[in-house]
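Peer 1: Numbering (the numbering used here), first residue to last: 1 to 281.
Ideal placement from N, C-alpha and C gives every residue a C-beta, glycine not left out.
Before anything else, here's the structure in question.
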Amino acid sequence: MTLKSALRSTIYQTEKLIQLARFRSQKDLPILLGISFPKSGTHLLDQILLGFSKVAPFSLRVASLFANYDGESGRRRSVNEMLSWLNSLRPRDIASSHLFSLPEAVDYVCTPAFVPYFIFRDPRDIVVSHVFYVTDMESNHVQHAYFKSLPDFDARLKTSIMGRPDSDVEFFDIGTRFQAYSGWLDQPSVMKIHFEDLIHDRTAILNQIIDHLLKRVSLRAPRQLILNSLETSINPKKSPTFRSGKTGEWKKHFTDEHKKIFKDVAGDLLVKLGYEKDGNW
Numbered sequence: 001m002t003l004k005s006a007l008r009s010t011i012y013q014t015e016k017l018i019q020l021a022r023f024r025s026q027k028d029l030p031i032l033l034g035i036s037f038p039k040s041g042t043h044l045l046d047q048i049l050l051g052f053s054k055v056a057p058f059s060l061r062v063a064s065l066f067a068n069y070d071g072e073s074g075r076r077r078s079v080n081e082m083l084s085w086l087n088s089l090r091p092r093d094i095a096s097s098h099l100f101s102l103p104e105a106v107d108y109v110c111t112p113a114f115v116p117y118f119i120f121r122d123p124r125d126i127v128v129s130h131v132f133y134v135t136d137m138e139s140n141h142v143q144h145a146y147f148k149s150l151p152d153f154d155a156r157l158k159t160s161i162m163g164r165p166d167s168d169v170e171f172f173d174i175g176t177r178f179q180a181y182s183g184w185l186d187q188p189s190v191m192k193i194h195f196e197d198l199i200h201d202r203t204a205i206l207n208q209i210i211d212h213l214l215k216r217v218s219l220r221a222p223r224q225l226i227l228n229s230l231e232t233s234i235n236p237k238k239s240p241t242f243r244s245g246k247t248g249e250w251k252k253h254f255t256d257e258h259k260k261i262f263k264d265v266a267g268d269l270l271v272k273l274g275y276e277k278d279g280n281w
């Protein structure tokens, strides 16, 4: 561990002790785990979950973030690395992840030690957001140079939808990419959150987020105070990757060809996720 990492860890643990002293009557609290499909509101969910720290002794900052792929190298992390990360989390931590629904992960997370939330977004908006992120916002991303080399947005969007099957670095089509997370949809202990609902019906979803935790533990704070704490924790300006927070942006960018190739690789994904009634969109 580097000196910087050791210092960060010491500060984090000190803050947790201060939080525990502040809320003496509440010690036995689980780990709050945010699971997100990339470009679906990761930082928004982080901010909301951190709102609980205002009313209970949860950590004041995200304990750590885990992704099954390393963003800079594209290397896929092993199951042992994933389990090691999960095992490093402690009660009252708030953690963030792009965590595949591998059987080992499901068995570990869907236990009393965790209160998990899974946020996702219309996959058509995801691929559009992904293009902007990889091309313009994250120069260290493993796909940045390739996306920059493509002639225009049209070509980049096709690549985001279809993936790069011939690349040495894994980058699958959007249907396959989402399939790695789809197991979370089948777990009753995981709250499923549509990003769009947080934008258009925020109060209702925040209340559901609260209810998901209250099914497991009791909080001393009044309901309205909890709700206000979550609401006031949301600050898009503090998200390093937040671009617009809008929904349905794909309609501005998808051509008929994009629609066709999306349907070819994603099949009935939009119907399964509740974004369309059938394939006629």
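(1) Short check: CB of P285 to CB of V190, under 8 Å?
(2) The beta strand (DSSP E) spanning A95 covers which residue range?
(3) What does a CB cutoff of less than 7 Å around F171 pick up in its chain, not counting 5 residues either side in sequence?
(4) With H, G and I counted as helix, E and B as strand and the rest as coil, what does DSSP make of K192?
(5) Assign S36 to one of two classes, buried (16 or more other C-beta atoms within 10 Å of its C-beta) or exposed (fewer than that).
(6) Measure the alpha-carbon distance for I205 versus P112 and round it to whole angstroms.
(7) Which residue's Cα is closest to the Cα of P30: P57, D264, S182 and N228?
(8) Inspect the CB distances between the stretch 53-68 and the stretch 123-137 and report whether three or more fall short of 8 Å.
(9) With three or more beta-carbon pairs closer than 8 Å as the criterion, would you say the stretch 94-110 touches the stretch 179-188?
(10) Since I believe S96 is in contact with G34 (beta carbons under 8 Å), could you give me their beta-carbon distance rounded to a whole number of angstroms?
(11) Can you tell me which of the three DSSP states N228 falls into?
(12) Could you check where the alpha helix (DSSP H) with I174 kicks off and where it finishes?
(13) DSSP state of S285, grouped into three classes?
(14) By DSSP, does R243 sit in helix, in strand, or in coil?
(15) How would you call T286, buried or exposed, if buried means at least 16 neighbouring beta carbons within 10 angstroms?
(16) Taking the beta carbon of R216 as the centre, do at least 16 other beta carbons fall within 10 Å, making it buried, or is it exposed?
(17) Which value, in whole angstroms, describes the spacing of the CA atoms of H212 and P103?
(18) Could you name the residues that DSSP lists as bridge partners for F114?
(19) Touching or not, the stretch 72-88 and the stretch 262-274, by the rule of three or more beta carbon pairs under 8 Å?
(20) What residues match up with R76 in a beta bridge as DSSP calls it?
Peer 2: Put simply:
(1) Since the first residue of the chain shown is 1 and the last is 281, residue 285 is not available in this structure.
(2) Counted as a single uninterrupted DSSP element, the beta strand (DSSP E) harbouring A95 occupies residues I94 to H98.
(3) Q143, G163 and R164, listed in sequence order.
(4) strand
(5) buried
(6) 22 Å
(7) Residue P57 holds the alpha-carbon nearest to the alpha-carbon of P30 among P57, D264, S182 and N228.
(8) no
(9) yes
(10) 5 Å
(11) helix
(12) I174 to Q179
(13) Shown here, the chain extends from 1 to 281; a query on residue 285 therefore has no answer.
(14) Confidence at R243 is low in this model, with a pLDDT of 44, below 50, so the placement of that residue should be treated as unreliable; the coordinate-derived value is given next. Three-state result, R243: coil.
(15) The question about residue 286 has no answer here: the residues shown for the chain are numbered 1 through 281.
(16) exposed
(17) Distance between the alpha carbons of H212 and P103: 23 Å.
(18) I31
(19) The count of Cβ pairs closer than 8 Å, one atom from the stretch 72-88 and one from the stretch 262-274, stays below three, leaving the stretches out of contact.
(20) Y69
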